[in-house]
Amino acid sequence: MHLDLSLQWANNFGIQLAMFLFFIGALAVTIVIPSVGYKVEVGLLAGGSVTILSTAAVLYTYSAMPMWKKHPNPLIFYRSLFDMGFVLVLMTTQLYKCYNGHCVVSSTKEGTDTATLAILKPHGCNTVAGFTQFFLLGSECWFFVMSVDLFKSVRSPFTDFKRNMRTYHAFVWGLSTVSAILLVAIDQSGPSEFNYCWTKPHNKGTTLDNRNIFWSLNVTSWGFFYAWIILYFFAAIGYDVAVIYFAWQRLKGGLAETLRVRLRVLHSVTVYVVAIIIYWAITFGVYVPYLALGLVNNPMDYPVLPQVMVFFITCKGYFDFFVWFQINELPSGCVCHLLSWTKLTDVSRKHPSSSTATPPTAAKVDVDVDLSPQVNQALRAEVLYYTTTGIIQAARLAATDAEDSDMPKRELHLTPQGGTASMTATTSTTLFVDYCPATFARIRAFYGISTDAYVKSLMKTTKERLSEGASGAFMFFSEDQQLIVKSMTFDATSPLDALRETGVGI
């Protein structure tokens with residue numbers, strides 16, 4: 001079982017730097033253009049461009065790099081997919097408005113809303129609002145789901161992530177669809193305070209009396225989105241604290257080679273959560289003065305701030321990009337090889353007989369890669385070690401300890417790999433219970449299996465890709481493939497108990 005033990009602190013620095021400079025450049029354009037008097041929706045177009053480029057990079061590398069399909073990367077992939085969908089809806093709508101002669105921002109919200117409804121018609125604006133709600137809420141649902149998934153992975157080495165993914169899809173797609181339909185059905189969709197079709201404010205107007213922060217607050221958007229963000233935010237923090245707690249609790253008793261995997265998981269959790277926290281902190285930091293200054297209804301008082309507000313709403317895909325290329329590392333030279341590997345794959349699909357060509361060195365990957373979470377693999381490595389160690393010690397004791405030959409069970413305290421018996425008092429141990437040791441020793445003897453051969457066979461294992469069966473069992477082979485080790489549920493042991501008694505009689 002191979003574990004990726006590397007800790008990533010500055011992965012893909014060149015790519016990250018290039019994208020960061022593009023992000024800063026887009027933000028600078030958003031600030032400069034309104035400052036010199038141009039009344040265009042530059043914030044939406046600039047922020048949307050950042051998200052499209054960022055999410056396109058995530059989607060492309062996910063499809064081109066088999067190793068990057070490892071769980072939980074699919075969760076970031078789907079979040080990026082939703083972020084791209086959100087921005088494409090807004091940018092397509094804005095470009096359609098420009099095509100119909102309305103590219104400029106009106107001096108009042110009422111003027112902008114009137115033009116929007118005239119071009120899109122109420123029915124069209126409602127449709128756009130539904131899709132906006134669907135993609136916007138769905139994106140944040142994937143953020144919440146990732147925290148839940150990491151919690152489950154740390155708790156159990158045999159978490160069925162494929163079944164969990166089906167549950168996550170049902171939750172995200174279901175909740176997003178219901179919220180989008182409900183928004184339109186109760187007639188709360190329309191031009192929002194950000195000048196695109198989403199949740200319409202309850203209050204409208206352009207006078208100086210309408211600058212109060214509570215007057216400008218869009219209750220509908222809080223009910224359909226911001227309340228969920230706050231809920232997910234605190235729930236995610238709770239789950240992530242639990243992840244850190246359970247991982248830390250297992251650090252002392254875990255295997256030495258799995259320590260760095262646990263630290264890597266904690267590092268990935270930290271990067272992901274902190275990135276999203278920073279994004280929403282910045283966004284809300286701009287949103288509060290946007291409301292306090294009454295810019296919802298009077299955007300020309302401070303023309304830069306409304307555009308910066310929309311920029312941060314639509315640039316959210318950049319943070320997906322940052323996390324994605326921080327927790328995944330491109331092999332050396334892989335930027336150049338990705339295109340050639342994709343081209344080779346396309347040729348192979350069109351001409352299967354010519355698919356004998358060898359992919360570039362950086363693209364040589366095992367297509368039969370184990371896509372389960374790294375933390376699951378680390379925990380499974382521990383189960384593998386303690387299982388084989390316990391069986392070997394139990395077999396040796398059964399062969400040498402004649403006095404305890406008839407005991408129904410024997411408890412063994414196993415120390416971590418590399419530990420010694422003298423460390424037991426100061427180091428946490430793992431309990432291994434050997435049931436009916438003498439009985440199974442006689443069964444082995446009856447079939448001509450010596451203790452030495454039995455132990456030698458279990459010293460090394462193979463086919464360690466442990467699978468989650470319907471009963472929650474797992475299995476692996478000894479390296480010589482003479483023995484199969486398989487776990488069982490309590491109910492499944494009853495028939496074997498009967499066979500064991502029969503074996504004793506023989």
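Taking this note's numbering, the leading residue of the sequence shown gets 1, the next gets one more, and so forth.
Just so it is clear, CB atoms sit at the ideal spot from N, CA and C, and this is done for glycine as well.
Under the three-state reduction of DSSP output, S478 falls in the strand class. A direct Cα-to-Cα measurement between T389 and D149 gives close to 30 Å. For V104, the pairing in a beta bridge is given by DSSP as V40.
Assignment of E193 by DSSP, reduced to helix, strand and coil, places it in the coil class.
Nearest Cα to T93 within the set Y435, V178, C125: C125. Less than 9 Å divides the Cβ of C197 from the Cβ of T132. 9 Å or more divides the Cβ of Y454 from the Cβ of L412.
Between I282 and I392, the alpha-carbon positions lie close to 57 Å from each other. Considered as a whole, the stretch 113-182 harbours no complete run of any alpha helix (DSSP H) with no fewer than 4 residues.
Judged by pairs of C-beta atoms under 8 Å, the stretch 321-331 touches the stretch 12-23, as three or more such pairs exist.
Nearest C-alpha to T314 among S457, P34, E41: E41. Three or more pairs of CB atoms, one per stretch, sit closer than 8 Å, so the stretch 394-402 contacts the stretch 433-449.
Fewer than three Cβ pairs drawn from the stretch 47-62 and the stretch 98-106 lie within less than 8 Å of each other, which leaves the two stretches out of contact. For I484, the beta-bridge partners assigned by DSSP are F477.
Taking a cut-off of 8 Å for Cβ pairs, the stretch 79-89 and the stretch 25-34 do not touch, as fewer than three such pairs fall below it. Bounds of the beta strand (DSSP E) holding D434 are 430-435.
Note that the stretch 230-249 touches the stretch 135-154; at least 3 beta-carbon pairs, one per stretch, sit closer than 8 Å. The Cβ atoms of N328 and W68 lie closer than 9 Å to each other. Exclusion of the five residues before and after V184 leaves N126, G130 as the residues of its chain whose Cβ lies within less than 6 Å of its Cβ. Your pair T116 and P191 checks out as a contact, with CB atoms roughly 5 Å apart and the cut at 8 Å. If you draw a straight line from the Cα of F224 to the Cα of S179, it comes to about 7 Å.
A distance below 9 Å separates the beta carbons of K460 and S478. With fewer than 16 other CB atoms across the displayed protein chains lying within 10 angstroms of its CB, A118 is exposed. For A438, the closest C-alpha among the options M165, R410, F20, P303 is that of R410.
In the assembly as shown, G43 is a buried residue. Its beta-carbon has 16 or more other beta-carbons within 10 Å.
Taking C-beta atoms as the reference points, F151 and F246 count as a pair closer than 9 Å. The C-beta distance from M19 to S63 rounds to 19 Å, too long to fall under 8 Å, and the pair is not in contact. Taking the CA atoms as reference points, L384 sits about 11 Å from L458. Its Cα nearest to that of D187, the residue T220 stands out among T220, V172, E193, M165. Note on T112: 16 or more other CB atoms within 10 angstroms of its CB, so buried under the neighbour-count rule. When only Cα atoms are considered, A46 and T415 end up about 58 Å apart.
A direct Cα-to-Cα measurement between I76 and W142 gives close to 7 Å.
As DSSP reads the structure, T461 sits in a beta bridge with S478.
For K409, the secondary structure class from DSSP, reduced to helix, strand or coil, is strand. Distances from the alpha-carbon of V273 to those of A227, D240, Y60 put D240 closest.
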